[in-house]
Amino acid sequence: FEHAEDKAEEQRLFYVGITRAKDLLFLTRAARRRLFGEMRERAPSPYLQRLNESLLDRQKHDAKRKARQMELEL
């Protein structure tokens with residue numbers, strides 16, 4: 004579990020990161036992550052829910068699917 008100080012620091016770093024963008028900001032996340040040798044599903048950061056939806060251009064990217072399509076096109 005996170006301590007209140009850790010959560011406040013995470014929120015501060017998120018704010019600092021997004022306010023430094025000049026023209027565009029790309030936010031990415033890992034849908035799955037290896038932790039202690041085990042692959043685990045990861046939820047999006049709760050801070051993403053606070054962003055104004057009208058500012059977002061959501062794009063889902065599937066790198067494996069894109070790589071397979073490239074192979075087939077070659």
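Just so you know, we're using the working numbering here: the sequence shown kicks off at 4 and counts up by one. Where is the CB? At the ideal position from N, CA and C, for every residue including glycine.
Is it buried or exposed, Phe4, if we count other Cβ atoms within 10 angstroms and call 16 or more buried? Along the sequence shown, read from residue 1 onward, the residue named residue 4 stands at position 1. With a pLDDT of 46 at Phe4, under the threshold of 50, the predicted position of this residue should be treated as unreliable, though the coordinate-derived value follows. Classification for Phe4: exposed.
C-beta atoms of Arg23 and Arg35 nearer than 8 Å: Start at 1 with the first residue of the sequence shown, and residue 23 comes out as number 20. Start at 1 with the first residue of the sequence shown, and residue 35 comes out as number 32. For Arg23 and Arg35, no; Cβs fall outside 8 Å.
Mapping the DSSP letters down to three states, classify Leu58 as helix, strand or coil. Counting from one through the sequence shown, the residue named residue 58 turns up at place 55. It is helical.
Along the alpha helix (DSSP H) that carries Leu16, what are the first and last residues, could you check? For this step, residue 16 is matched to residue 13 along the sequence shown. Ala7 to Thr22 is the extent of the alpha helix (DSSP H) around Leu16.
Taking the alpha-carbon of Leu30 as reference, which of Leu38, Arg43, Tyr50 and Met42 has the nearest alpha-carbon? Translated into the one-based positions of the sequence shown, residue 30 becomes position 27. Per the Cα distances, Tyr50.
Tell me, to the nearest whole angstrom, how far the beta carbon of Arg37 is from that of Ser48; I am working on the premise that it is less than 8 Å. Here residue 37 refers to the residue found at position 34 when the sequence shown is read from its first residue. Here residue 48 refers to the residue found at position 45 when the sequence shown is read from its first residue. That belief does not hold up - the Cβ atoms of Arg37 and Ser48 are roughly 19 Å apart, past 8 Å.
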